[in-house]
Amino acid sequence: MIQNMAYGERLNAKQIQERLAACGKDMSLTTIRHYTNKFNPEEHTLELRRKLVDHGLSPPPKKIKWNDGESIVKRIIDVGFFKNEELATILGTSKRTIERIAAENTESESDEAAGREEALSRSPLKHWSDEDFAEVIKECEKDTGFVSKASLRAQFKRKTVDISEEQLGKELKKRGYVYRKKRVVLQLTEAHKEQRMSWARSLIDSDIASWIFSDECCVHLFRNSNLSWCKEGINATIEEPINWKTSIMIWGGKFLSFLAKCSS
């Protein structure tokens, strides 16, 4: 509003202060001068022309008008020097119009980028070599010694190497790898084990005949998951410290006891 009074109505700082006071707003002359000197359309127009020329774009006319078309606005947005409010003031239009043109410009750039990515994804794949295979396996198994199919496929895809899943399995077997399930167990202390045993003993007299404790990370019902490639002879158990809250599953012989009662 202050900029409109300064550059639109050509009011000086004292006149702006009086206008604001009439509206019930108290503002010092120093603050008003700060706002009016912060943005000067004429100075910014000259800076705009220089920026466009530096970026190899044709400069707009000396006096920029909205009637010059949206192409000028798009060129200004490409430079990225002006804010939407400043552009709206220079061109004599609303901020919402500038935002609309900026959004359309961003969408067109996204479409072009997507087209470039699609073209790159269609680049020809090269046939794999022993060096590629060794490098990929080393990268995948550096943490635990286990290699999942997903990580292998991702690594080969990143290297644009063409290898089928069947070839992948054959080559891994040749190099002494086996496909098996990995067990992950928590590093339980003696105190943890004693707490479990005490709790189970306290329920011996109930209908539940026996208890089985299992950690959630070790249980996969109805699916053969957690399979990975690993070297023959590698320890299949990976122990993880308890650094977070974990879920413990407790399985009891309640159903066996229930069936026995029904049959009697």
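Heads up, the sequence shown is in full-length UniProt numbering, so the first residue is 1 and it goes up one at a time.
We put the beta carbon where it would ideally sit given N, CA and C, even for glycine.
_S151, enclosing alpha helix (DSSP H) - first and last residue_ = Position 151 of the sequence shown, counting from 1, holds the residue named residue 151. K149 to R158 is the span of the alpha helix (DSSP H), which, as asked, contains S151.
*Return the first residue and the last residue of the alpha helix (DSSP H) that K14 is part of.*
One-based indexing of the sequence shown puts residue 14 at position 14. That run of the alpha helix (DSSP H) goes A13 to A22.
*Compare the beta carbon distance of Q15 and I32 with 7 Å and say whether it is the shorter of the two.*
As a working mapping, residue 15 is identified with position 15 in the sequence shown. As a working mapping, residue 32 is identified with position 32 in the sequence shown. Cβ distance not < 7 Å, so Q15 and I32 don't count as in contact.
*For D26, which of helix, strand or coil comes out of DSSP?*
Along the sequence shown, one-based indexing puts residue 26 at 26. In this structure, D26 counts as coil in the three-state DSSP scheme.
*Counting only the same chain and skipping the five closest in sequence on each side, list residues whose C-beta sits under 6 Å from that of N67.*
In the sequence shown, residue 67 corresponds to position 67, counting from 1. Only weak support exists for where N67 lies, its pLDDT of 44 falling under 50; the value from the coordinates is given anyway. No residues qualify anywhere along the chain.
*asked:* Strictly by DSSP, which residues pair up with V178?
replied: On the sequence shown, position 178 is the one that residue 178 refers to. C230.
*Can you name the start and end residues of the alpha helix (DSSP H) that S198 belongs to?*
Numbered from 1 along the sequence shown, position 198 holds the residue referred to as residue 198. Taken as a continuous stretch (DSSP letters only), the alpha helix (DSSP H) holding S198 covers E190 to R201.
_Measuring straight from C-alpha to C-alpha, what distance separates A13 and L29?_
Taking the first residue of the sequence shown as position 1, residue 13 is located at position 13. Taking the first residue of the sequence shown as position 1, residue 29 is located at position 29. Cα-Cα distance, rounded: 6 Å.
*Should Q155 and V178 be called a contact, given that it needs their Cβ atoms to be closer than 7 Å?*
For the purposes of this step, residue 155 is identified with residue 155 of the sequence shown, where counting begins at 1. For the purposes of this step, residue 178 is identified with residue 178 of the sequence shown, where counting begins at 1. Against a cut-off of 7 Å, the Cβ pair of V178 and Q155 comes out as no contact.
*I think K157 touches D132, with their Cβ atoms under 8 Å apart; what is that distance to the nearest whole Å?*
Taking the first residue of the sequence shown as position 1, residue 157 is located at position 157. Taking the first residue of the sequence shown as position 1, residue 132 is located at position 132. So it is not a contact: roughly 12 Å between Cβ atoms.
_Through-space distance from L172 to T189, alpha-carbon basis_ = Taking the first residue of the sequence shown as position 1, residue 189 is located at position 189. Taking the first residue of the sequence shown as position 1, residue 172 is located at position 172. Looking at the two C-alpha atoms, the distance is approximately 37 Å.
_C-alpha distance - K149 paired with K170, whole-angstrom precision_ = As a first step, residue 149 must be located in the sequence shown, where it is residue number 149. As a first step, residue 170 must be located in the sequence shown, where it is residue number 170. Their Cα atoms are separated by approximately 13 Å.
_Could you compute how far the alpha carbon of S198 sits from the alpha carbon of C230?_
In the sequence shown, the residue the question calls residue 198 occupies position 198. In the sequence shown, the residue the question calls residue 230 occupies position 230. About 38 Å.
_Alpha-carbon spacing of D162 relative to D130, whole angstroms_ = Here the question's residue 162 lines up with position 162 in the sequence shown. Here the question's residue 130 lines up with position 130 in the sequence shown. Looking at the two C-alpha atoms, the distance is approximately 13 Å.
*Straight-line gap, K138 to S164 (C-alpha atoms, nearest Å)*: Counting from one through the sequence shown, the residue named residue 138 turns up at place 138. Counting from one through the sequence shown, the residue named residue 164 turns up at place 164. Each residue's Cα considered, the two are about 19 Å apart.
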